[in-house]
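Same order as they appear, the protein sequences are chains C and W. The first sequence begins at 1 in UniProt numbering and counts up one residue at a time. The second sequence begins at 1 in UniProt numbering and counts up one residue at a time. Down below is the structure, laid out as structure tokens.
2 protein chains.
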Amino acid sequence: MTRYQYLADLLAQRIEQGLYQAGERLPSVRTLSSEHGVSISTVQQAYYLLEERQLITPQSRSGYFVTPRKAAPPVPAITRPVQRPVEITQWDAVLHLLEARSDEQTLQLGSGMPDVGQPTLKPLWKAISRVAQQQDERLLGYDTLYGLPELREQIARLMIDSGCQLGADDIVITTGCHEALSISIRAVCQHGDIIAVESPTFHGIMQTLRGFGIRAIEIPTDSSSGISLEALELAFEQWPIKAVVVVPNCNNPLGFIMPEHRKRALVTLAQRFDAAIIEDDVYGELAFDYPRPITIKSLDTDGRVLLCSSFSKILAPGLRVGWVVPGRYFDRVLHMKYIVTGSTTTLTQMAVAGFISQGYYQPHLRRMRITYQRNLEIFTRLVRQHFPCGICVTRPQGGFLIWVELPEAFDSHRLNAELRDSKIQIAVGSLFSASGKYRNCLRLSYAQTCTDKTERALAILGAAVERAMQSCSPVHELATASNDWGEGRASGKEQR
Amino acid sequence: MTRYQYLADLLAQRIEQGLYQAGERLPSVRTLSSEHGVSISTVQQAYYLLEERQLITPQSRSGYFVTPRKAAPPVPAITRPVQRPVEITQWDAVLHLLEARSDEQTLQLGSGMPDVGQPTLKPLWKAISRVAQQQDERLLGYDTLYGLPELREQIARLMIDSGCQLGADDIVITTGCHEALSISIRAVCQHGDIIAVESPTFHGIMQTLRGFGIRAIEIPTDSSSGISLEALELAFEQWPIKAVVVVPNCNNPLGFIMPEHRKRALVTLAQRFDAAIIEDDVYGELAFDYPRPITIKSLDTDGRVLLCSSFSKILAPGLRVGWVVPGRYFDRVLHMKYIVTGSTTTLTQMAVAGFISQGYYQPHLRRMRITYQRNLEIFTRLVRQHFPCGICVTRPQGGFLIWVELPEAFDSHRLNAELRDSKIQIAVGSLFSASGKYRNCLRLSYAQTCTDKTERALAILGAAVERAMQSCSPVHELATASNDWGEGRASGKEQR
């Protein structure tokens, strides 16, 4: 970390802690320079950075001031899904979300797409070129069912950071995390079985259950600590649950990292009721804090955890390179792998293996962690600025997804339809529930660097939310009553 | 086609028709030259080609002679599988076959791997390089569920030759034909349903049924004309069959092309019993005769045919680019596509689209059709030469797979174990039956150009078959009794 970055972080922290209040003038460049023993230009660069992050505002000839802002909205309370197994619905809404992603004109605020435009990803193109130049005939033939040995070797090494001591032979390469989840679910469950899931949870998991005729029981989930183990235990006692699917690290959509003691308790619980744990770690490497959080797999003592992951969120989803560590279910997972795709594309496996072995992975990962953390700061600031009061917003600990909870009566489907003309796409909350709950919620992505377009989109979004909230009157009162934040709001207010 | 190739084919035809008998001296180079009005060197090249194809043998100073050979063994009779739905077994044997394919020392006579070493495939490497150089960010992002529009466009055009008038929007791209079959089966069937299949049929189809808890009823199948429509009708009357899976063009493993009137009759039958038809056309383009045979899909009037195919057999399986034309099941197939892999690797889709649009596909396909047809000639000649009598061999009309039926008591599993030390791998017949029938059969591939190694392998194989046949005495008598073929046999006989 450079000096100016260090200084900027220090000042940001002081602002966050209230040492410098909103609207207060910050120390002059000269003062800070002598106070911290750094050059004038270092302080200036630090201030530019903070300005970029919208934490401070320059006023001509009088220096920098702390940008006034609203208090952080509260985080959502623990969820309260239906407490019985249900058949999964919502496919139409998922399809709608997926179809919107191919429209280049639309601002994809609802997509799970990472930022693939960073310079640290450039060597991937070279890795692909190199593979093509080598004309290795292995690339054209059927790969083994297990996947490319050199890639499995690299993955085993990467996973040490997540607490897993694995060999290449413990890993099966898949066509993205999607296939990893799909074959894992199918390996441990039959048609008609019941699986417990976090609520809300990733729609891909839910649709897979639907496709295989498996029912889901949604378990209350806290946006800071994850799935309620107490509720899960009750569910286990009441229903013959075969497996639990969780996204414990940088959860999609809630952004939490499940505390380690709760991960341990989950393993114990699964052992007590002899259930499998399917762990989706696809965002795990993108935790803001270093070292990254451990996986539940690393606590697995009897092979009941199936760890699923991919390079889709860290590198690029178009590669379709994922993996599964199936533990005791290895043979069944392998059989399902054969059934589903036979083998994985060799070319992209080779390119990824080359990218990692040449040392490009870690620098890229570091960059993405910092980038997403900064994006989050700016994004939440904009959300605070443009959204009305009376909402709850998650505080993600990694990844690039945020969950916004609006008053109960709010209908995100209607909002989505409204936004279509403005070419803005969001993920409606009901996608993340088996039974279509969370219509009053949105999942937004801050993967892409905030531009004026993003700000305009959030202003439109905020205004639409405000209008909708006004039209359901009790909510309106709440919103107005608690609207005691100091600053003027952009377009939203004017449009009333 | 060059002049010398034309002449060689003409002479080959005459030999096949018996105009030139085994051991007979062929016309001199000079005679042929004047007879056909071609140059001496053209005749010489034609003779070299025939020599390479082992149809003629040069004798120093006396010219060329027709190579003596045995009569063609008969084709297998129509199969007689179990006439009720069964649960599928045989996964262990399939896994064994798949694992052998990564051993580079082993001669893969049992694999479904095409020849990827041909020069007409070289532009594919360039297509991949070009994609990498363009650094098109679409390559990194999620593709649409449907697949790359330009590739679907190209596929729609290619399929005109198979009688199908399709638009790009009728097609969904998949991770190989494997995924196409898997999602098609799952789209039309539930757990516990019954599907009718040809017997024998591709093990990938069978294992998919197993994975989804679907039972198979194997229908008697003729090695020249395909599935018995009479037996299928009886099965329809007796069981609630949801769908029929067929490989009507260049069948795997029997090599037949189903006659057009039988394709029509199959569609009528499926309509009568309201069943879906899942058509695997993965070898269809490799039919020896031009124009290629039509697909059943081209006869589909009410959208009940799901056509599955890929570039795995024509270009290269490592690409994992396939497709499905799901007809009326489009939405369900799309849902299953989302569940199974989410989307298909973009890079390989772009490379294939580039390869086709730049005009490399048709020349490559032509070359492969000719290559496989020649390989087949040489391969069957070697089989005749090295295998004992009392066997039946299919006469493939395309593709690169041949099916050898040995006497009932023969155990191909034991043979396979025996061959392991010699580093030869075959596909045991029982892989191709739901209930493990056809232990007395082998599927062999002639995709790779015959080398001395292939000949040695077939000699070892033939000898092992002969030994095994001797050990089961009635078969032994049969083999000896009918062993009236004119020529001495290689290693096999000496080892007695």
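Backbone N, C-alpha and C define an ideal beta-carbon position, used for all residues, glycine too.
With distances taken Cα to Cα, identify the nearest neighbour of residue i among the options.
i, options, result
"W/S41", "W/D331, W/Y4, W/E466", "W/Y4"
"W/I402", "W/S343, W/T201, W/L10", "W/T201"
"W/P363", "W/K122, W/A12, W/I155", "W/K122"
"C/R130", "C/A353, C/E233, C/F387", "C/A353"
"W/D300", "W/V282, W/D411, W/R328", "W/R328"
"W/R30", "W/Q17, W/A46, W/A22", "W/A46"
"C/K263", "C/D274, C/F236, C/S225", "C/S225"
"W/L319", "C/M336, C/I314, C/M350", "C/M350"
"W/L315", "W/I356, W/A243, W/F288, W/A459", "W/I356"
"C/V465", "C/E455, C/C441, C/T451", "C/C441"
"W/Y360", "W/E455, W/R61, W/T144, W/L124", "W/L124"
"W/G192", "W/I227, W/A231, W/K242", "W/K242"
From the DSSP output, in three-state form, read off residue i for me.
i, result
"C/S473", "Residue confidence is low: C/S473 scores 48 on pLDDT, short of 50, so the model does not pin down where it sits. Its coordinate-derived value is still stated next. C/S473: helix per DSSP, three-state reduction."
"C/Y64", "strand"
"W/G492", "Confidence is the limiting factor: at W/G492 the pLDDT is only 33, short of 50, which leaves the residue's position unreliable and the question unanswerable from this model."
"C/Q5", "helix"
"W/N249", "strand"
"C/G110", "coil"
"W/K423", "coil"
"C/E408", "coil"
"C/C177", "helix"
"C/L10", "helix"
"C/I56", "strand"
"W/S310", "strand"
"W/R439", "coil"
"C/S298", "helix"
Using 8 angstroms for Cβ pairs, my map puts residue i next to residue j. What's the rounded Cβ distance?
i, j, result
"C/S223", "C/P76", "5 angstroms"
"W/G167", "W/S298", "About 15 angstroms separates the two Cβ atoms, so there is no contact after all."
"C/G176", "C/P317", "7 angstroms"
"W/G255", "W/Q397", "6 angstroms"
"C/G462", "C/F387", "4 angstroms"
Taking only the alpha-carbon atoms, compute the straight-line gap between residue i and residue j and give it to the nearest angstrom.
i, j, result
"W/V197", "W/I277", "10 angstroms"
"W/Q13", "W/P68", "16 angstroms"
"W/L151", "C/L376", "37 angstroms"
"W/G147", "C/V305", "33 angstroms"
"C/I217", "C/E179", "22 angstroms"
"C/F432", "C/H96", "14 angstroms"
"W/V475", "C/V188", "Residue confidence for W/V475 is low, a pLDDT of 42 falling below 50, so the modelled location carries little weight; the figure read from the coordinates is stated next. Taking the straight line joining both Cα atoms gives about 47 angstroms."
"W/L107", "C/A100", "49 angstroms"
"W/P85", "C/F330", "29 angstroms"
"W/Y142", "C/E87", "28 angstroms"
"W/R439", "W/E408", "8 angstroms"
"W/Q118", "C/L347", "19 angstroms"
"W/I173", "C/G342", "15 angstroms"
"W/L444", "W/K437", "17 angstroms"
"W/M469", "W/F410", "7 angstroms"
"C/K493", "C/Q385", "At C/K493 the pLDDT is 33, less than 50, meaning the model places this residue with poor confidence and gives no usable figure here."
"W/M368", "W/V282", "14 angstroms"
"C/E418", "C/I296", "41 angstroms"
"W/I171", "W/L266", "23 angstroms"
So which residues of chain C does residue i contact, with C-beta pairs closer than 8 angstroms?
i, result
"W/T144", "L98, E99, R101, S102"
"W/G163", "Going along chain C, no residue has its Cβ under 8 angstroms from W/G163, so there is no contact; the nearest lies around 27 angstroms."
"W/V383", "Result: empty, since nearest Cβ-Cβ is about 25 angstroms, beyond 8 angstroms."
Identify the contact partners of residue i in chain W, using a Cβ-Cβ distance below 8 angstroms as the criterion.
i, result
"C/R186", "G211"
"C/M113", "G141, Y142"
"C/S129", "S129, A132, Q133"
Can you pull the chain W residues whose beta carbon is under 7 angstroms from the beta carbon of residue i, in chain order?
i, result
"C/S182", "I339, V340"
"C/E179", "V340, T341"
"C/W125", "A132, Q135"
"C/H413", "Under the 7 angstroms cutoff, chain W gives no residues; its nearest Cβ is about 20 angstroms from C/H413."
"C/Q425", "Ordered by position in chain W, no residue passes the 7 angstroms Cβ test against C/Q425, which lies about 13 angstroms from the chain."
By the criterion of Cβ-Cβ separation under 7 angstroms, what are the contact partners of residue i in chain C?
i, result
"W/M159", "Those do not exist, as W/M159 stays about 22 angstroms from chain C at its closest Cβ, beyond 7 angstroms."
"W/T346", "G318"
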